[in-house]
Amino acid sequence: MTGVGVVAPNGVGTENYWAATLAGRTGIAPVTRFDAAYGLHFAGEVSDFDAASWVPGRLRAQTDRWTHFSFAAADLALRDAQVDLAQVDEYEMSVYSASSAAGAEFGQIELTNLWSGSPRDVSAYQSIAWFYAATTGQLSIRHGMRGPCGVVVSEQAGGIDVMACARRALGAGTRLALVGGTEAPMSPFGVVCLMAENRMSTITDPRMAFLPFDPEAGGAVPGEGGAFMVVESVESATHRGVHAYATVAGYAATFDPRPDRDRLPVRSGLRRAIELALEDAGCNPHDIDLVFADAAGLPRLDRLEAEALNQVFGKRAVAVTAPKTMTGRLFAGGAALDVATAALALRDQVVPPTVGLRRRSEDYPISLVAEAEHRPLRTVLVLARGHGGFNSALVLSGAHR
Amino acid sequence: MYENRAVVTGIGVVSPGATGTKAFWELLADGRTATRRISLFEVTEEYRSRIAAEASFDPLAEGLTAEQAGIWDRAKQMAVIAGREALWDSGLAVQPPPSERVGVSLGSAVGSTMRLEENFQRLSSNGAKWMVDMAHEPALYGYMVPSSMAAELAWECSAEGPVSMVSNGCTSGLDAIGEGARLIWEGVADVVVAGATDAPISPITVASFDAIRATSPDNDDPEHASRPFSADRNGFVLGEGAAVFVLENLDRARTRGAGCYGEISGFACRSNAFHMTGLRPDGREMAEAIRAALAQARVAPEDIDYVNAHGSGTKQNDRHETMAFKRSLGAHAYSVPVSSIKSMIGHSLGAIGALEIAACLLAMCNQTVPPTANLRVPDPECDLDYVPVTAREWPIDSVLSVGSGFGGFQTAMVLSNTR
Amino acid sequence: MSALTVDELKEILRERAGEDEHTGLAGDISDAEFADLGYDSLAMFEVSSEIKKRYRVALPDDVIGELPTPRGLIDYVNQRLAR
């Protein structure tokens, strides 16, 4: 991983985000986009994003905010990696993005045009702006990347799954890949869909809104934004003489068996995903210095995650953190942002904090890190669970290894 | 390159004009078209293209419950019905594999767009309210995030290995199958239920293709509207459908004596990085994908017995693709039979690639090439053998199938006979 | 109904298809080709749709392709308005 680009609720731009995260500055705030008439009081909105500075006017007209975020994050990642794309063979470059809600706002606008107007009022850009592949397509065109490209939809797990796609492509002819995901679900119809299964927090007290691993957790807070990474073959990075944040050392994905009537899992495949990822990385549990938790913010899901961690690592035996407590869950952008954060942690040898922790809980015997701290970090595990039963685990090993 | 090989041991299809693989093959072999006037919604004169290829399945007759038929988006319904047929066809239930070794790879371009639109209408009072009403429909989240369809299919086949949804626009079908094959090649899974589904015949999608004049406006003659490679072609006909396959590790399939339809021997993707909808006439990126897929399959161009084209029936696609075949197959492009089944079942976006792979496997089974229907006026720019109108008996051991989609996706897949 | 002017066409382009900050629509674009200004077929469908709305003049698909410049398009529309 040679480049990282972040657009997050608590910082647009990688270093802005990282500084805010280490300082414990949250981007979760009362919803401003529209009246919180849907019971959602808080969200991680990206309030200082100027799309015009990242996306030329003509492209802005034909893309959703979700794609604008991706353009920004991808640009930042490419600059960070100091890539001169003209020096890389067009067929050896790939783009992989995670999608979840896709062009929710653009889609709602066009649905409104159709249903309050007529079919002839639907934009010529609807066919290219709303669908799940729009961002990958636009990034591929913008940067002239003609190798294999793709889109994975596995909700919050997507950002890790696309890292695996990129790793696979790197082993098969791709030299450099732009990988990641962003999300922009904050249009009215988007939010109504988000609220549908009672997994989002409707709590009005800001201190209680998003409390993963707390017995009073009442759901997650959604957010927008995400991250893109530049991932290259070792040979390519060496040849270019660039420093790497981390190596993608291991990956695994599993799926939970059918959930119960409340759509909550009865058994979790998360433990197996962790074990398989460690095996893929050639690691033992004690090699892992830090875990970025999925942190769903719902008691049953939190319990299953804590159990999985304890079964693999032992009770309170590994440091766990959830900086998403400062951004909310970003779905297609979520795991990507966690991966970006893990890369930054490895670069600077600093553990980013989990905010809002109230007290050590016996219900969840895991060691959550409440304040940023310097620590030797060689290998980090990032976890993500997509709604419906998707479990993904990624092992990153730092240059300091 | 890989030690493991992936074969197809089960097929399930829900297609325009045919439910089930047997009826599907009969339609293709007969050269019948399933393109008609749209009946799934009231299509007024305000729509430019008022025709489509609709699947006419009865969810209850196909084993879904009334609740499932009422809540599930049409695309999910078709995926599960096709999935069940594939599972039954494969005989896996007799000796089910361990769940952790079963994966799912499902493709879809537009997910649950029909239910999203229906709910939008209801909650926004037909577009009148920007601040839509709160819904008490738990399924609404699953409509917005289509991985819920992959989850349903995973529950259906008790898959606890890697499960994902591939959404690469119109190449989703081929790409989902390719990703499924990869899981087997890499030894991550022994069985992968892979395929694709799309149900886009709804106002917003029809209107969005109207807006870019991509679909055929031959509303007075729907049965002949899809005319790939024809000089008078004027756009694609929107379709819907699903095809699902049981992909299996070859050794495992042989050990349990499973019947094999064929092997996924090559798969490659490239991107044209040119325009979201436009295609340059030179077809170079598709040609690259074809070359790479052939190389993986270790099949020379001259050994390809049948090419299943993307053949959407737009002016630009068919020309682009013809060039891609010439670039990649050389002189052999002029002698290999090429056909587009979109001429018969329309273009079901993310699903069509999977339906086309089903057609290819069945073609190999029956040693017969399905035709390109409606091809009566040859186009000098499209001067290959497109098997006009009538299916042709033909020895088939290797098939090349290609796909192309909005966003610049170009995919090629090679299937090989295992007999 | 008043005639379609270049300025109005610029406004339509900006509104429906966006305008890039640096290249943009500044100056006299009458004889520039839409494609060179960065407006592809999708953009022209959007423009055509807006013109239909504002002026009730339809631009058939085959005609759009034959009007590659603002001058050509404006003349076509104004000829039809004059009838």
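Chains as they are written, first to last, in the numbering used here: chain A, 24 to 424; chain B, 300 to 718; chain C, -2 to 80.
Yeah, the Cβ is synthetic: ideal placement off N, Cα and C, and Gly gets one too.
query = Under a Cβ-count criterion, where at least 16 other Cβ atoms within 10 Å of its own Cβ denotes burial, should Arg424(A) be classed as buried or exposed?
reply = The pLDDT assigned to Arg424(A) is 41, lower than 50, so where the model puts this residue is not dependable; a value taken from the coordinates is nonetheless given after this. Arg424(A) comes out exposed.
key: Nearest-angstrom beta carbon gap, Met643(B) and Ala672(B) [assumed within contact, 8 Å]   = 5 Å
Selected residue, minimal CA-CA separation from Met377(B), among Leu422(B), Gly319(B), Trp387(B) = Gly319(B)
query = In chain C, which residues lie less than 9 Å from Arg143(A) when you measure between Cβ atoms?
reply = Ser46, Lys49, Lys50
query = Does DSSP put Arg408(A) in a helix, a strand or coil?
reply = Arg408(A) falls in the strand class under three-state DSSP.
request  = Measuring alpha carbon to alpha carbon, tell me which of Gly130(A), Ser415(A), Arg281(A), Ala365(A) ends up nearest Phe251(A).
outcome  = Ala365(A)
query = In angstroms, rounded to a whole number, what distance separates the CA positions of Ala32(C) and Tyr148(A)?
reply = 17 Å
message = Once DSSP output is grouped into helix, strand and coil, what is the label at His646(B)?
response = Residue state, collapsed to three classes: strand.
ask   = Which two residues bound the contiguous alpha helix (DSSP H) that contains Met448(B)?
value = 446 to 455 is the span of the alpha helix (DSSP H), which, as asked, contains Met448(B).
Helix, strand or coil at Ala475(B) according to DSSP, with G and I counted as helix = helix
Close Cβ partners of Leu63(A) (< 7 Å) along its chain, the five nearest in sequence each way excluded = Val54, Val214, Met218, Met223, Thr225
query = Quick one: complete alpha helix (DSSP H) runs, 4+ long, within the stretch 584 to 669 of chain B?
reply = Segments of the alpha helix (DSSP H) lying fully in the stretch 584 to 669 of chain B: 614 to 628, 641 to 644, 651 to 665.
inquiry  = For a contact defined as C-beta to C-beta under 8 Å, what are the partners of Asp37(C) on chain E?
reply    = No chain E appears in this structure, whose protein chains are A, B and C.
inquiry  = One question on the structure: do Ser647(B) and Asp497(B) come within less than 7 Å of each other, judged by their Cβ atoms?
reply    = yes
query = Leaving out five residues before and five after Thr697(B) in sequence, what residues of the same chain have Cβ atoms less than 6 Å from its Cβ?
reply = A small fix is needed here, since residue 697(B) is Ser in this sequence, not Thr. Annotation for Ser697(B): Val598, Asp602, Ile603, Asp604, Ser715 place their beta carbon closer than 6 Å to its own, counting only its chain and skipping 5 residues before and after.
task = Give the interface partners of Arg336(B) over in chain A, defined as CB-CB distance under 9 Å, in chain order.
result = Chain A residues near Arg336(B): none, gap ~16 Å exceeds 9 Å.
request  = Quick one: using the 10 Å Cβ neighbour count with 16 as the cut-off for buried, is Glu68(A) buried or exposed?
outcome  = buried
query = Between Gly15(C) and Ala329(A), what straight-line distance do the alpha-carbon atoms span, to the nearest angstrom?
reply = 49 Å
key: Integer-rounded CB distance, given that Val118(A) should sit under 8 Å from Arg190(A)   = Incorrect: roughly 14 Å between the Cβ atoms, too far for contact.
request  = Would you list the one or two residues that DSSP bridges to Tyr681(B)?
outcome  = The residue asked about is misnamed: residue 681(B) is Cys in this sequence, not Tyr. The secondary-structure analysis by DSSP pairs Cys681(B) across a beta bridge with Asp678(B).
task = Report all residues from its chain with a CB closer than 6 Å to the CB of Gly241(A); omit the five preceding and five following residues, and keep chain order.
result = Ser224, Ile226
ask   = Helix, strand or coil: which one does DSSP assign to Ala342(A)?
value = strand
task = Taking Arg83(A) as the query, report the chain C residues whose CB atoms sit under 8 Å from its CB, ordered along the chain.
result = Proximity of chain C to Arg83(A) at the Cβ level (cut-off 8 Å) is accounted for by Gly15, in chain order.
key: Check whether Glu539(B) and Ala322(B) have beta carbons under 7 Å apart   = no
task = Determine the burial state of Gln85(A): buried for a count of at least 16 other Cβ atoms within 10 Å of its Cβ, exposed for fewer.
result = buried
message = Measuring straight from C-alpha to C-alpha, what distance separates Asn607(B) and Ala657(B)?
response = 11 Å
ask   = Using the beta-carbon of each residue, which ones in chain A are nearer than 9 Å to Gln420(B)?
value = Leu134, Trp138
query = With burial defined as no fewer than 16 other Cβ atoms inside 10 Å of the residue's Cβ, what is the status of Pro397(B): buried or exposed?
reply = exposed
request  = Using a Cβ-Cβ cut-off of 7 Å, state whether Phe122(C) counts as contacting chain B.
outcome  = No statement about residue 122(C) is possible, as the shown extent of chain C runs from -2 to 80 and does not include it.
message = Please tell me whether Val536(B) and Gly369(B) are closer than 7 Å, where the distance is taken between their beta carbons.
response = no
ask   = Per DSSP, what kind of secondary structure is Glu302(B) in: helix, strand or coil?
value = In the three-state reduction of the DSSP assignment, Glu302(B) falls in the coil class.
key: Test item: CB-CB of Val35(A) and Asp71(A) under 7 Å   = yes
inquiry  = Does Glu178(A) come out as helix, strand or coil in the three-state DSSP assignment?
reply    = helix
Helix, strand or coil at Thr66(C) [DSSP, three-state] = Reduced to three states, the DSSP call for Thr66(C) is coil.
query = Which value, in whole angstroms, describes the spacing of the CA atoms of Glu744(B) and Gly330(B)?
reply = Any question about residue 744(B) goes unanswered here, given that chain B covers just 300 to 718.
For Glu113(A), three-class secondary structure by DSSP = Looking at Glu113(A) - three-state DSSP - the assignment turns out to be helix.
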